[in-house]
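Undergrad: Okay, so the sequence shown: first residue is 216 according to our numbering, each after it adds one.
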Amino acid sequence: MNFNILNDFRHGLYDCFKRSKDTLFEITDALLTETQATSPIELTLSPFFTRHWFSFYKALEHGIIDRPALRKLLIRFIPTTPLDQPLLVGLDACNIPRPESPTARDRTYLHLHNLDGEAAITCGWQFSTVVVLPSPNSSWDYPLDNQRIESHQTPAQVGASQLKEIVPLLPRRPFLVADRYYGSAIFVALICKRATLFRYKLLIINHLHHLI
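#1: Along the alpha helix (DSSP H) that carries I430, what are the first and last residues, could you check?
#2: Give me whichever residues DSSP pairs with P312 in a beta bridge.
#3: From this set, L288, A319, P351, which residue's C-alpha is nearest Q300's C-alpha?
#4: Given a threshold of 16 other Cβ atoms within 10 Å of its Cβ, counted over all protein chains shown, does F269 qualify as buried or as exposed?
#5: Residue ranges of each alpha helix (DSSP H) run of no fewer than 4 residues wholly in the segment 350–398, ordered along the chain?
#6: In its own chain, which residues sit with a C-beta less than 6 Å from the C-beta of L426, not counting the 5 before and 5 after it?
#7: Counting C-beta neighbours from all protein chains within 10 Å, is the total for A410 16 or more, i.e. buried, or is it exposed?
#8: Based on the DSSP secondary-structure assignment, which residues constitute the bridge partners of T323?
#9: So A245 packs on F264, CB below 8 Å; how close in whole Å?
#10: Per DSSP, which residues does F232 bridge with? Please list them.
#11: Should S366 be labelled buried (16 or more other beta-carbon atoms within 10 Å of its own) or exposed?
#12: Between the beta-carbon of C314 and the beta-carbon of G339, is there less than 8 Å?
#13: If contacts are defined as beta-carbon pairs under 8 Å, then L305 and V373 qualify, I think. What distance do you get, rounded to the angstrom?
#14: Would you grab the beta carbon distance between V345 and L378 for me? Rounded to a whole angstrom, and I think it's under 8 Å.
#15: Can you pull the DSSP bridge partners for G227?
#16: Classify L417 as buried or exposed, calling it buried when 16 or more other Cβ atoms lie within 10 Å of its own Cβ.
#17: Below 8 Å CB to CB, which residues in the same chain sit around L289 once its five sequence neighbours on both sides are set aside?
#18: Between A284 and I336, what straight-line distance do the alpha-carbon atoms span, to the nearest angstrom?
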C-alpha cells in the first residue's frame with residue numbers, strides 16, 4: 216500500500232464533507248474498521264470514533280456531503296487500465312431489507328429469493344450502485360456512486376441519471392456491464408437522449424454504438 220496515495224485520498228474525502236465533517240470522517244473510519252458492530256450505537260464504541268454517541272446521530276441527520284466532489288475524488292483514484300484493455304463499468308441495483316423499521320422513510324416491497332415462506336416479499340429499500348470492475352477479475356471493485364431508488368423511481372431511471380454524471384468524468388469511454396433488467400428500450404432511450412458515451416451489453420454493443 217502506498218501511504219502517500221492513501222493520505223491524499225483521505226484529505227480529499229475530508230474535503231467532501233461540508234457540515235459535521237469531523238464527525239462524518241470518524242464515522243467513515245469506524246465503518247471501515249469495525250467488524251463486530253451491528254447497530255449505529257455500537258459503532259460509537261469504535262476506538263476510531265472519539266466523540267459522544269449523540270454526535271453520531273446528529274452528523275447523520277444534519278451533515279452534508281458534496282456528492283459531485285465525492286464522485287470526482289473516487290474517479291481520480293480508480294486504477295489505471297491499459298489502453299489495450301476495456302474500462303469496465305458495472306451497474307446494478309440491490310435490495311436492503313428493513314421489515315422491522317416502520318419509521319424508515321419511503322420503504323417499498325422487495326423480492327428476495329432466500330426468505331422463508333411461500334411469498335419471497337419483504338419491505339425495505341433499493342440502492343443503485345455504479346462501480347469500476349477490476350482487471351484481472353476480483354471480488355473487489357471500485358465504487359463510484361451509490362443512490363437510493365425512491366418508490367416513484369425505477370432502477371433504469373436512477374442508473375441512467377448516475378451514468379449521465381459519471382461517464383463524462385471518466386478518463387476514456389467505458390463498456391457498461393449490466394444484467395437483463397437494464398436491457399430495455401426505456402433504459403436505452405434514457406442513455407441515448409442524454410448522450411451518455413458508453414457501450415452497453417455485449418449482445419447489443421454494435422447497435423448502441425450507432426445510436427449514441
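We treat Cβ as the ideally placed atom computed from N, Cα and C, and that holds for glycine.
TA: In brief:
#1: Outside the modelled stretch of the chain, which goes from 216 to 427, sits residue 430, for which no answer is possible.
#2: Locating residue 312 in the sequence shown gives position 97, counting from the first residue. Paired residue(s): G339.
#3: Numbered from its first residue, the sequence shown carries residue 300 at position 85. Per the Cα distances, P351.
#4: For the purposes of this step, residue 269 is taken as the residue at position 54 of the sequence shown. That one is exposed.
#5: Here the runs fully enclosed are 370–381.
#6: Against the sequence shown, residue 426 aligns to sequence position 211. Only weak support is given to the placement of L426: the predicted model assigns it a pLDDT of 36, under 50, and the question is left unresolved by the model.
#7: Along the sequence shown, one-based indexing puts residue 410 at 195. Residue placement at A410 cannot be trusted, given a pLDDT of 44 that sits under 50; the coordinates are not used to answer.
#8: Position 108 of the sequence shown, counted from the first residue, corresponds to residue 323. Note: T323 sits in a beta bridge opposite G339.
#9: The residue you call residue 245 lines up with position 30 of the sequence shown. The residue you call residue 264 lines up with position 49 of the sequence shown. Between F264 and A245 the Cβ distance is about 4 Å, and since that is below 8 Å, they are a contact.
#10: By one-based count along the sequence shown, residue 232 stands at place 17. I280, per the DSSP bridge assignment.
#11: Within the sequence shown, residue 366 is the residue found at index 151, counting from 1. Exposed: under 16 other Cβ atoms inside 10 Å.
#12: Within the sequence shown, residue 314 is the residue found at index 99, counting from 1. Within the sequence shown, residue 339 is the residue found at index 124, counting from 1. Contrary to the premise, residue 314 reads as Pro rather than Cys in this sequence. Yes, Cβ-Cβ distance for P314 and G339 is below 8 Å.
#13: Within the sequence shown, residue 305 is the residue found at index 90, counting from 1. Within the sequence shown, residue 373 is the residue found at index 158, counting from 1. The amino acid at residue 305 is misidentified as Leu; the sequence shows Gly. Incorrect: roughly 15 Å between the Cβ atoms, too far for contact.
#14: Taking the first residue of the sequence shown as 1, we reach residue 345 at position 130. Taking the first residue of the sequence shown as 1, we reach residue 378 at position 163. The pair is a contact, with the Cβ atoms about 7 Å apart (cut-off 8 Å).
#15: Position 12 of the sequence shown, counted from the start, is the residue given in the question as residue 227. According to DSSP, G227 bridges with nothing at all.
#16: Walking along the sequence shown from the start, residue 417 turns up at place 202. Because the pLDDT of L417 is 44, which lies under 50, any placement of that residue in the model is unreliable, and the question is left without a value.
#17: Here residue 289 refers to the residue found at position 74 when the sequence shown is read from its first residue. So the list reads Y357, P358, L359, D360, once near-sequence residues are dropped.
#18: Mapped onto the sequence shown, residue 284 falls at position 69. Mapped onto the sequence shown, residue 336 falls at position 121. In a straight line, the C-alpha of A284 is about 37 Å away from that of I336.
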